[in-house]
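2 protein chains.
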Amino acid sequence: MTTTRSGRPALTRPDGTPLRVLVVDDDDDLAEVLSGALRYEGWQVRTAGDGASAVVAARELLPDAVVLDVMLPDTDGFAVLRSLRTVKEDVCVLFLTARDAVEDRIAGITAGGDDYVTKPFSLEEVVARVRGLLRRAGMARQLDGGPRMTVGDLVMDEEAREVTRAGELIDLSPTEFELLRFLMRNPRRVLSKTQILDRVWSYDFGGRAHVVELYISYLRKKVDAGRKPMIHTVRGAGYVLKPVAR
Amino acid sequence: MTTTRSGRPALTRPDGTPLRVLVVDDDDDLAEVLSGALRYEGWQVRTAGDGASAVVAARELLPDAVVLDVMLPDTDGFAVLRSLRTVKEDVCVLFLTARDAVEDRIAGITAGGDDYVTKPFSLEEVVARVRGLLRRAGMARQLDGGPRMTVGDLVMDEEAREVTRAGELIDLSPTEFELLRFLMRNPRRVLSKTQILDRVWSYDFGGRAHVVELYISYLRKKVDAGRKPMIHTVRGAGYVLKPVAR
DNA sequence: ATTTTCTCTGAGAGTGCGCTCAGCGGGTCC
DNA sequence: GGACCCGCTGAGCGCACTCTCAGAGAAAAT
Numbered sequence: 638m639t640t641t642r643s644g645r646p647a648l649t650r651p652d653g654t655p656l657r658v659l660v661v662d663d664d665d666d667l668a669e670v671l672s673g674a675l676r677y678e679g680w681q682v683r684t685a686g687d688g689a690s691a692v693v694a695a696r697e698l699l700p701d702a703v704v705l706d707v708m709l710p711d712t713d714g715f716a717v718l719r720s721l722r723t724v725k726e727d728v729c730v731l732f733l734t735a736r737d738a739v740e741d742r743i744a745g746i747t748a749g750g751d752d753y754v755t756k757p758f759s760l761e762e763v764v765a766r767v768r769g770l771l772r773r774a775g776m777a778r779q780l781d782g783g784p785r786m787t788v789g790d791l792v793m794d795e796e797a798r799e800v801t802r803a804g805e806l807i808d809l810s811p812t813e814f815e816l817l818r819f820l821m822r823n824p825r826r827v828l829s830k831t832q833i834l835d836r837v838w839s840y841d842f843g844g845r846a847h848v849v850e851l852y853i854s855y856l857r858k859k860v861d862a863g864r865k866p867m868i869h870t871v872r873g874a875g876y877v878l879k880p881v882a883r
Numbered sequence: 638m639t640t641t642r643s644g645r646p647a648l649t650r651p652d653g654t655p656l657r658v659l660v661v662d663d664d665d666d667l668a669e670v671l672s673g674a675l676r677y678e679g680w681q682v683r684t685a686g687d688g689a690s691a692v693v694a695a696r697e698l699l700p701d702a703v704v705l706d707v708m709l710p711d712t713d714g715f716a717v718l719r720s721l722r723t724v725k726e727d728v729c730v731l732f733l734t735a736r737d738a739v740e741d742r743i744a745g746i747t748a749g750g751d752d753y754v755t756k757p758f759s760l761e762e763v764v765a766r767v768r769g770l771l772r773r774a775g776m777a778r779q780l781d782g783g784p785r786m787t788v789g790d791l792v793m794d795e796e797a798r799e800v801t802r803a804g805e806l807i808d809l810s811p812t813e814f815e816l817l818r819f820l821m822r823n824p825r826r827v828l829s830k831t832q833i834l835d836r837v838w839s840y841d842f843g844g845r846a847h848v849v850e851l852y853i854s855y856l857r858k859k860v861d862a863g864r865k866p867m868i869h870t871v872r873g874a875g876y877v878l879k880p881v882a883r
């Protein structure tokens, strides 16, 4: 069975081979970081820097999903999408777009089952969206139990954006939710503040790791409030999420 | 079977050949010390002094992992990483960086499964990180039972940073943890204070070997407390960690 | 337009950690 | 048997790490 580098079972194609993802962005650094994060999921990744080479790469790779910047040097993302569809009709697309960009055209796209995130985004966000796309499109074999995730009595429904502990609903802000998702996707594993910052916060975030402490403290108040703690500090190393029993 | 110089079985590539590691640092002394420590693990090591020769060396060696200084005379680490990825897509990278430069360009690096350590570091730290990278990347055949290590009834989970003896959880500080890790990776083997100092403490540590005694005494209080001792002093030689039964 | 929520910064307090020092005890050697 | 050396441990100091609180600014909701 294919596994992610973190050891958890990977989302794979129905035949068990790794899912194939194409990243299209003209910013080399960003493309590299994105492909690293997607590769970490156990998937096969290729990158392209413009629309033309994207189509070429797609013909070779026949990707299940494409992460596509709307602003490209040669053509715009929508034209690329049309070409990609002629190569592989059922490909999923995640658009990367500037915050104040043409929301109307994007809105039309998402009706067709595709999705988008606005720059600057966090890697957790992008990876989660791609996972969601592939799952909904039925391209992924569900080795991971679908959109519901469980650690001890803590349950997260990613699609509904709902979190419960011991059946009790917990209300979380967007950042809190994403932080908890990252922790829950890496249970029993010490995560450094830098690691968390790199994954959960936007790639252009300039601030320091102190925010992580702050949000961990917010999460504790909501998740661990009055209960046996699941979030633990490991001094000098980071934080761990663990089920309580032992 | 490939073995380390210490006699314990080495982490090898899936085909049984030694793992290949490339060390890139412009400080010759440091590069030499590092490659020594990595060779000690039974791995095949090459060194390079700048980004350009690193890429050349990578083409020849096709390394499984690269230990890469971020500050290089010619190019910056990120660019080198991209070049290395074009040579070997699935290579793991451990970055070496100055303590206060952490926030600079490192953003996003840990997100892809790669890792970093800040200077000054200890050799145990570097070796452990490289082992972790290779293990997670599935490049290493798991001769050592994964991230869990056992000596007698003493068990260490490196990922969770958890240590138990006879099932009882033992709380350790970072230095205590690293010292115990070194002992557990060399069971039944007398380790001199100097040896321990060189491996567990940072290479720029000015203090004397007396700290080792101190930390051994801390460990005894926590690991051997009220139990049959596993940590033994060999007068004039050093310390040994042994399982109790015989 | 107003209110509410959310995110982040900065300061301050508390605490654990790493290390030095110094004294004690037991083994070793003369 | 006495002196010395090696190793062990308790006390204590400074520092770094972590948590919490309060508030500013921005974004979202009403």
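Listed in order, the protein sequences are those of chains A and B. This note's numbering puts the first residue of the first sequence at 638, with every later residue one more than the last. This note's numbering puts the first residue of the second sequence at 638, with every later residue one more than the last. Backbone N, C-alpha and C fix where the C-beta goes; we use that ideal spot for every residue, glycine too. Only a predicted model underlies this, so the values are computations on that prediction, with no experimental measurement involved.
Neighbour flag for residue i against chain B, beta carbons, 8 Å
i, result
"A/Val881", "no"
"A/Arg676", "yes"
"A/Val670", "yes"
"A/Tyr885", "In the structure as shown, chain A begins at 638 and stops at 883. Residue 885 of chain A is therefore absent and cannot be evaluated."
"A/Asp662", "no"
"A/Leu705", "no"
"A/Arg766", "no"
"A/Gly673", "yes"
"A/Leu594", "There is no way to answer for residue 594 of chain A, as the model of chain A reaches only from 638 to 883."
"A/Leu648", "no"
"A/Arg822", "no"
"A/Asp835", "yes"
"A/Ala777", "no"
"A/Ala874", "yes"
"A/Val827", "yes"
"A/Val877", "yes"
Within-8 Å CB hit, residue i to chain A
i, result
"B/Arg719", "yes"
"B/Gly688", "no"
"B/Ala797", "yes"
"B/Pro651", "no"
"B/Phe715", "yes"
"B/Thr734", "no"
"B/Gly745", "yes"
"B/Ala748", "yes"
"B/Asp711", "no"
"B/Pro811", "yes"
"B/Asp665", "no"
"B/Asp701", "no"
"B/Asp790", "no"
"B/Asp861", "no"
Endpoints, beta strand (DSSP E) assigned at residue i
i, result
"A/Thr801", "Glu799 to Arg802"
"A/Thr787", "Arg785 to Val788"
"B/Tyr753", "Asp752 to Lys756"
"B/Glu805", "Glu805 to Ile807"
"B/Val767", "Here B/Val767 belongs to no beta strand (DSSP E); instead the alpha helix (DSSP H) covers Leu760 to Arg773."
Residue i, enclosing alpha helix (DSSP H) - first and last residue
i, result
"B/Tyr852", "His847 to Leu856"
"B/Ile833", "Lys830 to Val837"
"B/Gly875", "Looking at the DSSP string, B/Gly875 is not in any alpha helix (DSSP H); the run it does join, the beta strand (DSSP E), is Gly875 to Leu878."
"A/Val692", "Gly688 to Leu698"
"B/Thr747", "That residue, B/Thr747, is in no alpha helix (DSSP H); it is neither H nor E in DSSP."
"A/Asp665", "Asp665 to Arg676"
"B/Arg818", "Pro811 to Met821"
According to DSSP, residues forming a beta bridge with residue i
i, result
"B/Asp706", "B/Leu733"
"B/Met793", "B/Met786 and B/Val800"
"B/Arg657", "B/Gln681"
"B/Thr870", "B/Tyr876"
"B/Asp713", "B/Met708"
Whole-number beta carbon distance between residue j and residue i, since they are thought to touch under 8 Å
i, j, result
"A/Ile868", "A/Val860", "7 Å"
"A/Leu721", "A/Ala685", "The Cβ separation is near 11 Å, so there is no contact."
"A/Asp663", "A/Pro710", "5 Å"
"A/Arg676", "B/Gly749", "7 Å"
"A/Val704", "A/Val670", "Actually they are not in contact, since the Cβ atoms of A/Val704 and A/Val670 sit about 12 Å apart, beyond 8 Å."
"A/Gly688", "A/Thr712", "4 Å"
"B/Glu796", "A/Arg826", "5 Å"
Any non-hydrogen atom of the ligand GDP closer than 7 Å to residue i Cβ
i, result
"B/Asp752", "Absence of the ligand GDP from the depicted structure is noted, as is the absence of any ligand whatsoever, leaving it without description."
When you compare the segment 749-767 of chain B with the segment 723-737 of chain B, are there three or more beta-carbon pairs, one atom per stretch, that lie closer than 8 Å? yes
Stretch pair the segment 798-816 of chain A + the segment 833-853 of chain A: three plus CB contacts closer than 8 Å: Flag = yes, the segment 798-816 of chain A and the segment 833-853 of chain A touch.
Measuring CB atoms only, is the segment 700-719 of chain B touching the segment 793-802 of chain A, in the sense that at least three cross pairs come out at less than 8 Å? no
Could you say if the segment 767-775 of chain A and the segment 785-793 of chain A meet the contact criterion of at least three C-beta pairs nearer than 8 Å? no
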